[in-house]
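Asker:
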Amino acid sequence: MSGTQSQATASSLQICRIMRPDDANIVGNVHGGTILKMIEEAGCIIGTRHCNTQPGDRCAAQLARVERTDFLYPMFIGEVAHVSAEITYASKHSVEVQVHVMSENILTGNHSDSPLRVPLPIKRKVYPPSHSVEVQVHVMSENILTGNHSDSPLRVPLPIKRKVYPPSHSVEVQVHAMSESILTCNHSDSPLRVPLSIKRKVYPPSHSVEVQVHVMSENILTGATKMTNRAALWYVPFSLEDVDNVTEVPPIKYASPGQEEEGKKRYEAQKMERLETKERNGELLMPVSAPDRTTKEPYTVGFSQSSLIHLVGPSDCTLHGFVHGGVTMKLMDEVAGIVAARHCKTNIVTASVDAINFHRKIMKGCVVTVSGRATFASNKSMEIEVFVDADPLIEAEKGKYRAVTAFFTYISLDKQGKPLSIPPMKLEGDGEQRRFEDGKMRYLQNKAKRLADKERQQ
């Protein structure tokens, strides 16, 4: 494939899959951590693919930061999630990825006006007078380090094949499979093997990449779709030869000088905020798996404070031995959810995630302690601060370190899914009071930003 085609294919990506029962939380909705994992997966693929579009050492994109992520609507089991990712800015050593998540109900065939940029992968044909549907499925495997797509022998229909004999009620499904290496960025010439939804752009010289991801969920029973999430992620490429060496990011082309300038502003803003976060990152939080309810008063920070301890295994990691950012984010969401549930004693859902900062990589074999505590509560929402500390199990001499930090916002719901008031927090000590005031400031800033965005859209 030509360089122009390769560059065009690297800048956008869509992933979609049906939400199954094991994706649910305890009340039956899709787990917020599952959505965060899909978002990170899309960002990792497109970031790694883009960073390997130029000659040189092969590299892998490592998640460095997730900007504020809003959970606009819940996603339900049986719906189809569409995750759309796009690279929107590249600095010298990092990439910004914007992600949109949409949900679709595919039973009705109706779709909302949400910006679904990529054609749906499922097409429906009617073959009168039968009541059948023929579905042709092409499965492509890609190596994102090389870009190669294999000429898979599964290019022919799988052994299980159903033919339609009108007026039957059967479905014929043809499945084709291919493989691609995302490290080489090479593609075969077959238009059927390369999804049209994957495009690659090249942006002017920088060392970072911004990826925008859109996640859409689809209800396959009704066909209805809705936008459920928006997210912006920053990735940093590290060399596969030397994981401590950060490589340069290929340049990208911007639609206008203004687009590049806006991306640069976002880059500088997140860079400054990451530095501020590191300065206040030294506080140690003792793990608490189960609060002592006999000594802690309800609605205090200590009553709801919670922790999870997890040994990082191979299934949590990339091929290179680092924990997937999505795995870490799901653990963080689970801990934050436990804190919120212990405080509210009701059904709770993730409303948004303030910036998640990945300070250091977590290797396979580490014991991670994920701890959360309530910091602020308004009438309708509560903020939970989450820390991830990593402790190498084998190389214990390296010592425990702070790997990730973030703030999660939760809301309380009744049995009908209507918002409930959050019980006021009972603060103890100057530290809790200070964190409460800081949380209140973040709450007011986010509220003002939402109102300003709403006014601009009108």
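Residue numbers for the sequence shown follow the UniProt record's numbering, so the first one is 1 and each next one is one higher. Just so it is clear, CB atoms sit at the ideal spot from N, CA and C, and this is done for glycine as well.
1. Using beta-carbon positions only, say whether phenylalanine 387 and threonine 375 come within less than 8 Å of one another.
2. Express the C-alpha separation of arginine 20 and valine 27 in angstroms, rounding to a whole number.
3. Which full runs of the beta strand (DSSP E) of 3+ residues lie inside the segment 288 to 327, going along the chain?
4. Ends of the alpha helix (DSSP H) at glutamate 241?
5. Rank Asp453, Phe358, His31 by C-alpha distance to the C-alpha of tryptophan 234 and give the top, closest one.
6. Straight-line CA distance for threonine 350 to serine 11?
7. Within 8 Å, do at least three Cβ pairs link the segment 81 to 100 to the segment 247 to 260?
8. Out of curiosity, what's the CA-to-CA distance linking threonine 318 and threonine 294?
9. To the nearest angstrom, how far is it from the Cα of alanine 396 to the Cα of glycine 302?
10. Just to confirm, are isoleucine 394 and valine 66 a CB contact at a threshold of 8 Å?
11. With a threshold of 8 Å, are at least 3 pairs of Cβ atoms found where one atom belongs to the segment 73 to 84 and the other to the segment 98 to 105?
12. Helix, strand or coil for glycine 56? Go by DSSP, reduced to three states.
13. Under three-state DSSP, which class holds tyrosine 254?
14. Suppose you measure from the CA of alanine 377 to the CA of glutamate 432; what does that come to, to the nearest Å?
15. Report the partner residues of valine 27 according to the DSSP bridge assignment.
16. Name the two residues that bound the continuous alpha helix (DSSP H) containing isoleucine 39.
17. Just the Cα atoms here: how many angstroms apart are alanine 340 and serine 307?
18. Where does histidine 93 sit, in a helix, a strand or coil, going by DSSP?
19. Can you check which of these residues, Asp414, Pro287, Met382, Ala42, is closest to aspartate 354 by C-alpha distance?
20. So, at 6 Å on beta carbons, what are the nonlocal neighbours of arginine 400 in its own chain, with the 5 sequence-adjacent residues on each side left out?
21. Among Ala64, Pro55, Pro314, Phe76, which residue has its Cα nearest to the Cα of leucine 275?
22. Can you tell me whether lysine 380 is buried or exposed? The criterion is at least 16 other CB atoms within 10 Å of its CB, across all chains shown.
23. Would you please state the rounded distance, in angstroms, between the beta carbons of serine 94 and valine 249? I believe it to be under 8 Å.
24. Measuring only the C-alpha atoms, how far is glutamine 416 from serine 103?
25. Name the DSSP beta bridge partners of arginine 66, please?
26. What is the DSSP secondary structure of glutamine 259, reduced to helix, strand or coil?
27. Please return the same chain residues whose Cβ sits closer than 8 Å to the Cβ of lysine 37, not counting the five positions on each side in sequence.
28. Using three-state DSSP, classify threonine 409 as helix, strand or coil.
29. With a CB to CB cut of under 7 Å and the five nearest residues on each side skipped, what residues in its chain are close to cysteine 344?
30. Sorted by chain position, which residues of the same chain lie with C-beta nearer than 7 Å to glutamine 54's C-beta, five sequence neighbours on each side aside?
31. Can you have a look at alanine 448 and say buried or exposed, based on whether 16 or more other CB atoms are within 10 angstroms of its CB?
32. Would you report the Cα separation of leucine 420 and threonine 409, rounded to the nearest angstrom?
33. To which residues does DSSP link isoleucine 348 through a beta bridge?
34. Put proline 21 into one of helix, strand or coil per three-state DSSP.
35. Put isoleucine 384 into one of helix, strand or coil per three-state DSSP.
36. Taking just the CA atoms, how far does asparagine 446 sit from arginine 456?
Answerer: Based on what the coordinates show:
1. no
2. 14 Å
3. 306 to 311
4. First-last for glutamate 241: undefined, no H or E at that position.
5. Phe358
6. 29 Å
7. yes
8. 43 Å
9. 30 Å
10. no
11. yes
12. coil
13. coil
14. 12 Å
15. Looking at the DSSP assignment, valine 27 forms no beta bridge with any residue, so it has no partner.
16. 32 to 51
17. 13 Å
18. coil
19. Met382
20. Reading off the sequence shown, one finds lysine at residue 400, where the question assumed arginine. Here the set comprises Asp389, Asp391.
21. Ala64
22. exposed
23. 7 Å
24. 21 Å
25. Residue identity check: residue 66 is valine in the sequence provided, not arginine. Note: valine 66 sits in a beta bridge opposite Leu233, Ile356.
26. helix
27. His324, Gly326, Val327, Met329, Lys330
28. strand
29. Ser412, Ile422, Pro423
30. Pro250
31. exposed
32. 14 Å
33. Ser412
34. helix
35. strand
36. 15 Å
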